[in-house]
Amino acid sequence: MDTDLVRRAQGGDQEAFADLVHALADRFLAVSHRILSDIDLAEDATQQALLNVWQDLRQLRDPARFDAWSYRLLVRACYAEGRKSRRWAPNLRLLSVDEPMVVDGVSAVVDRDQLERAFRSLSLNHRTVVVLHHYLDLPLDRVAEIVGAPVGTVGSRLHYATGQLRSALIADAQPTTREVAR
Amino acid sequence: MSDFNAPDRDVTRAIRSWLHEDRHEDASRIAAAVLDRVESTPRRRVSWWPARRTPTVSKILGFAGAAAIVVAVILGARLLGSPAPSRPGTAATPSPSASVEPSAAPSAAEPSASVGGGLQGPYVFAGTPGVATTISISTPGWYDEDGALIWNHTGGDPPEGAGVLGFTESDLWYVPADPCHWASTLPATHAASLDALVAALAAQASRDASAPAEFTVSGHAGKSITLHVPDDAVFNRCDQTQFCTWANPVVSPAAPCFRHHQAPGQIDEFWIVNVDGQLVAFDLAYYAATPQHVIDEMHAFVTSATFAP
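Chains as they are written, first to last, in our numbering: chain A, 999 to 1180; chain B, 166 to 474.
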């Protein structure tokens, strides 16, 4: 983000803040939609995060860190929205990472419904790491900074989420495999 | 076609491709709504707190202001401490009549700082209507995730993860008889007293509950009990895919369970304190592989707890 623009917005320049909002809104909505898997919650999270940017911008000491700082506000807004639909959303374990993979070499067709379903089974913590890393292409240390967790924890979450998604995809593929076998 | 027996590479490719699909979001309406509200939205003053602390504080204040019903404090790996027990699941449970006095008297007005990779100092639980609950975090490696959740550096996941949740609801505990089929086994009334709540937890099916034990913290009497999530529990077969210890169908009918668990094998030490008629419950959640020193740290958090009206 343009640091001059951030500085002007910090100083109360509403035109500069409007430029920031227009630069951020689409990206915020895209990220929150993917984390929350619900467009209504995502819109609320985006709006709240942008208002929080306005409210807290003067507390940002280094404008060069605006991107990470603003994403942190967005992630927090997503957690808050997520809680509205699920009190203290825990990490649901629908499938074990250690579950043996038994596709017998038959490739599975991946469609978006399979991924959507598997992704929804992950906790918000895991979804957030997946989206920040795989959608925004942020390295793990940047993701760690945004979610406020150690890099090792973020790496562990990413590994776990990937394993869960793979297990779910395999599980979804198994009926198809059996059908083929018949 | 993708072969998911292949390394994570194929899964990663599928995930990335799916995430980058165009979902036709349009944020122009949101941007307009935000800009409309800027004039009437006051900006916060510059704080001299460490940068990482600010969002946490904001969150805490937000929670308190909203008079949230649940104050969930999840601390990563093992919290409670001393008066207690050796490790539930392997042996004993809280020692009877343990007397726990706070090791420090943290100031409720001064939330934890983020120091050296984690929270340190007094930590005020967010959203505790009626009872301001503060613990002292004296060891590094604890992280507040969103103002209501605090994790050990290992995270809250198995095999070694752990966390602490804090609940301060004196009249909101509906304990189902069956934590898996909880929706149909909720009681007609909540557990309104310390004894009733502990008795309901002790009676919950499949939890391998310990015998309740008495303790005191900061001059307040309490009872502790340790429950287990069975190793062979299949959450996917439970109501709403949740293994649920307690719920509140009155306040939150759409999503009533507010303590559902992370994974089979999870161990939960519930330390429930009667603070002048209000119940405050700490739930220390961890696993069999969680190192003892982390559990000791969690115990220390609980023994440091102070309460204010």
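Note that the Cβ used here is the ideal one computed from N, Cα and C, for glycine as well.
As the structure is a computational prediction, the values presented were derived from the model and not from experiment.
CB residue i to CB residue j, shorter than 7 angstroms?
i: F1015 (chain A); j: A1023 (chain A); result: no
i: P1061 (chain A); j: V1004 (chain A); result: yes
i: P344 (chain B); j: T410 (chain B); result: yes
i: H1157 (chain A); j: R181 (chain B); result: no
i: L392 (chain B); j: R424 (chain B); result: no
i: A446 (chain B); j: I437 (chain B); result: yes
i: E186 (chain B); j: L1027 (chain A); result: no
i: A370 (chain B); j: A356 (chain B); result: no
i: A1047 (chain A); j: A1075 (chain A); result: yes
i: V296 (chain B); j: V203 (chain B); result: no
i: D404 (chain B); j: W338 (chain B); result: no
i: S316 (chain B); j: G306 (chain B); result: The question names Ser, but residue 316 (chain B) is Trp in the sequence shown. The answer is no: Cβ separation not under 7 angstroms.
Quick check on residue i - is its C-beta less than 7 angstroms from some C-beta in chain A?
i: Y308 (chain B); result: yes
i: L184 (chain B); result: yes
i: I302 (chain B); result: no
i: T298 (chain B); result: no
i: A198 (chain B); result: yes
i: R178 (chain B); result: no
i: A454 (chain B); result: no
i: V467 (chain B); result: no
i: V459 (chain B); result: no
i: R181 (chain B); result: yes
i: H189 (chain B); result: no
i: I437 (chain B); result: no
Which value, in whole angstroms, describes the spacing of the CA atoms of residue i and residue j?
i: F380 (chain B); j: L200 (chain B); result: 54 angstroms
i: V1149 (chain A); j: L1055 (chain A); result: 26 angstroms
i: L1163 (chain A); j: T1151 (chain A); result: 18 angstroms
i: F1064 (chain A); j: G1161 (chain A); result: 32 angstroms
i: S277 (chain B); j: Y288 (chain B); result: Any reading at S277 (chain B) must be qualified, since the residue scores a pLDDT of 40, below 50, and its modelled position is unreliable; the value itself is stated next. When rounded, the distance between both Cα atoms is 5 angstroms.
i: Q1045 (chain A); j: I1144 (chain A); result: 18 angstroms
i: L284 (chain B); j: A1043 (chain A); result: 26 angstroms
i: A1147 (chain A); j: T471 (chain B); result: 27 angstroms
i: D448 (chain B); j: G326 (chain B); result: 14 angstroms
i: H385 (chain B); j: A473 (chain B); result: 12 angstroms
i: A198 (chain B); j: V1141 (chain A); result: 29 angstroms
i: Q1053 (chain A); j: T206 (chain B); result: 7 angstroms
i: V467 (chain B); j: Y451 (chain B); result: 15 angstroms
i: V176 (chain B); j: L1039 (chain A); result: 27 angstroms
In the DSSP assignment, what are the bridge partners of residue i?
i: Y451 (chain B); result: B:I432
i: I302 (chain B); result: B:G286
i: I437 (chain B); result: B:K388, B:A446
i: W316 (chain B); result: B:Y308, B:G328
i: W411 (chain B); result: B:R424
i: A473 (chain B); result: B:A297
i: Y339 (chain B); result: B:A412
Please confirm whether residue i has its beta-carbon closer than 7 angstroms to some beta-carbon of chain B.
i: A1021 (chain A); result: no
i: A1016 (chain A); result: yes
i: G1009 (chain A); result: no
i: D1024 (chain A); result: yes
i: R1164 (chain A); result: yes
i: D1000 (chain A); result: no
i: R1032 (chain A); result: yes
i: T1044 (chain A); result: yes
i: A1147 (chain A); result: yes
Pop quiz: residue i and residue j are said to be a contact at Cβ under 8 angstroms. What is the actual Cβ separation, rounded to whole angstroms?
i: R1155 (chain A); j: V1127 (chain A); result: 4 angstroms
i: K388 (chain B); j: L359 (chain B); result: 6 angstroms
i: G1080 (chain A); j: L1113 (chain A); result: Between L1113 (chain A) and G1080 (chain A) the Cβ distance is about 19 angstroms, and since that is not below 8 angstroms, they are no contact.
The ligand FMN and residue i: does the residue's C-beta get closer than 6 angstroms to at least one heavy atom of that ligand?
i: E1143 (chain A); result: Ligands in the displayed structure: none, and consequently the ligand FMN is not present.
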